[in-house]
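Quick note on UniProt numbering: the sequence shown kicks off at 1 and runs consecutively.
For every residue, glycine included, the Cβ atom is placed at its ideal position computed from N, Cα and C.
Since the structure comes first, as structure tokens, the remarks are kept for the end.
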Amino acid sequence: MKFHDSTDSHSLSEACHDLHIHRSKLLEDRLKLLHERQGLLEQRMLLLEQVQTLIARLRYYQQWLLEQRHHWKQ
């Protein structure tokens with residue numbers, strides 16, 4: 001398809017401009033999503049640290065209870 005008249009050329013120019021705007025909007029949206037994802041990953045890391053701390057505490061208390069139980073049996 002060839003664009004010879006000025007109307008077709010103008011339409012093509014507008015279409016390219018619209019595509020550029022759409023692409024810019026998509027890139028902005030992608031950047032926002034990446035920032036949101038980074039925030040979610042940071043929250044996940046904090047939650048994992050909290051879970052690890054809780055597991056360590058539970059193991060400590062489990063060991064303590066086992067020792068107490070051993071003392072009670074004696």
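| request: Tell me whether Gln62 sits in a helix, a strand or coil according to DSSP, three-state version. | output: As a working mapping, residue 62 is identified with position 62 in the sequence shown. Under the three-state reduction of DSSP, Gln62 is assigned to helix.
| query | Does DSSP put Gln74 in a helix, a strand or coil? | reply | Your numbering for residue 74 matches position 74 in the sequence shown. Gln74 falls in the coil class under three-state DSSP.
| message | Rounding to the nearest angstrom, what Cα-Cα distance links Gln43 and His35 in this structure? | response | As a first step, residue 43 must be located in the sequence shown, where it is residue number 43. As a first step, residue 35 must be located in the sequence shown, where it is residue number 35. As the crow flies, the alpha-carbon of Gln43 is around 12 angstroms from that of His35.
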